[in-house]
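For reference, each letter of the sequence shown is one residue, going 1020 to 1319 in this note's numbering. Read through the structure below, which is laid out as structure tokens, and then see the notes.
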Amino acid sequence: MDTTTPLLPPADWRDFLALTKPRVMTLVVFTGLCGMLAAPVGVHPVIGFTAILCIALGAGAAGALNQWYEADIDAAMRRTQQRPLPAGRMDRQAALHFGVGLSAFSVILMGLAVNLTAAAILLVSILFYVLIYTVWLKRRTPQNIVIGGAAGAFPPMIGWAAATGDVALLPFLMFLLVFLWTPPHFWALALFVKTDYANAGVPMLPVVAGERVTRHQIGLYTVPMAIAAVAPWPLGLTGPLYGIASLVLTGIFAALVLRVATRRQGEGDTMKPEKRLFSYSILYLFVIFGALVADRWMMA
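The structure is reproduced here in structure tokens:
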């Protein structure tokens, strides 16, 4: 009787691309690009392209290492079962080597071709996402996404640092906006996929504290997020274009949050308000960062 472990067929390029979480990477790259374009100095096109490439590769590396570590969780969740590792299209060791190699390459390239400040922040963001969020927090606390959300908030600072070699108040506020946006965004998703998280044993807030607490927390985090979103205008860091856009966009966000936060458990079964908030939250970040860049260019 043959007891040897069957070899998996070699993964193709689409599996390696899936490891990088392309949808997440798109938002990361966009906020990083906006951080660079909002900086008060111009960037040589080659340097700028290299910096954005490194941000994309670093984000992809973090996604790959996240999927390597969470292969068991992904296998237990319906929305992630078709990822390369749980679907059996890739060996875990290949994913690990790919993630580590991509991490090292992105940080080294950023340091050599752009500057050490941007490389250092990129390294911190990768390590934070993999070690702090994925390894330490994800399986241990319902506050995992609150603290771990910082990892996804670094790209605007990286983009700014790539252009200027340092950080300032505006990129910090951009970081703060993404950091505070993450809990309402992610908990809206968690509300309508909480069964998946429960089956996988992940202590997401709706699973361990219930829907009511989660809805209240979404409302609470939206308040400081709104302040961070509007703050650049009264602080004189942006002009009226961004100021008005931030008020309108954040007002819509707050209205959607209010509908979710005040909704009673069992009131309807389609989770339409939660899905609407989740979808809008992605659009919100794209548009508000785009408005920031447009405003900075008008002020230049």
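No residue lacks a Cβ here, since even glycine has one placed at the ideal position from N, Cα and C. From a predicted model like this one, the values you see are computed outputs, not experimental measurements.
Helix, strand or coil at F1272 [DSSP, three-state]: DSSP places F1272 in the helix class (H, G or I) of the three-state scheme.
Contact under 8 Å by Cβ, Y1261 with A1182: Taking 8 Å as the Cβ cut-off, Y1261 and A1182 do not qualify as a contacting pair.
Measure the CB-CB distance between W1252 and A1058 and report whether it falls below 8 Å. No, the Cβ-Cβ distance between W1252 and A1058 is not below 8 Å.
Expressed to the nearest angstrom, what Euclidean distance is found between the alpha-carbon atoms of V1133 and L1142? For V1133 and L1142, the distance between alpha carbons rounds to 14 Å.
Here's a check: name, in chain order, each residue in its chain whose Cβ is nearer than 6 Å to the Cβ of R1108, leaving out the five neighbours to either side. Closer than 6 Å at Cβ, skipping near neighbours: A1030, D1034.
6 Å Cβ shell around L1115 - same chain, five flanking residues per side excluded: Cβ neighbours of L1115 within its own chain (closer than 6 Å, five residues either side excluded): W1087.
Got a sec? Which residues, its chain only, sit under 7 Å from L1121 by beta carbon, not counting five neighbours each side? Around L1121: L1076, G1079, A1080, A1083.
Measuring straight from C-alpha to C-alpha, what distance separates M1055 and R1283? In a straight line, the C-alpha of M1055 is about 42 Å away from that of R1283.
Rounded to a whole number of angstroms, what is the C-alpha to C-alpha distance between V1320 and T1289? In the structure as shown, the chain starts at 1020 and stops at 1319, and residue 1320 therefore has no counterpart that could be examined.
The alpha helix (DSSP H) spanning E1293 covers which residue range? Following the DSSP letters along the chain, one finds E1293 inside the alpha helix (DSSP H) bounded by residues 1291–1318.
Using the Cα positions of G1229 and T1214, report the straight-line distance between them to the nearest angstrom. Rounded to whole angstroms, G1229 to T1214 spans 12 Å at the Cα level.
Measuring only from the beta carbon, is T1289 closer than 7 Å to any heavy atom that is part of the ligand ADP? In the structure shown, the ligand ADP is absent, as is every other ligand, since no ligand is present at all.
Using a 10 Å radius around the Cβ and a threshold of 16 neighbouring Cβ atoms, would you call G1171 buried or exposed? Taking a 10 Å sphere around the C-beta of G1171, we find 16 or more other C-beta atoms and assign the residue as buried.
Under DSSP, the alpha helix (DSSP H) around I1066 begins and ends at which residues? I1066 -> alpha helix (DSSP H) spans 1064–1088.
Spatial neighbours of G1184 within its chain, please: CB distance less than 6 Å, with the 5 preceding and 5 following residues excluded, ordered by chain position. Same-chain partners within the cutoff: N1134, T1136.
Use the C-beta contact count for A1274: other C-beta atoms within 10 angstroms, 16 or more gives buried, fewer gives exposed. Result: exposed.
Taking the C-alpha atoms as reference points, what is the distance between W1200 and T1045? Their Cα atoms are separated by approximately 17 Å.
Return the first residue and the last residue of the alpha helix (DSSP H) that D1110 is part of. Annotation: D1110 is outside any alpha helix (DSSP H) and is labelled neither H nor E by DSSP.
What span of residues does the alpha helix (DSSP H) with L1156 cover, start to end? Boundaries for L1156: no alpha helix (DSSP H) harbours it, and the DSSP string shows neither H nor E there.
First and last residue of the alpha helix (DSSP H) that includes D1034? Run containing D1034: 1032–1038, per the alpha helix (DSSP H) assignment.
When the Cα atoms are used, what is the spatial distance from F1308 to V1197? Roughly 10 Å between the two C-alpha positions.
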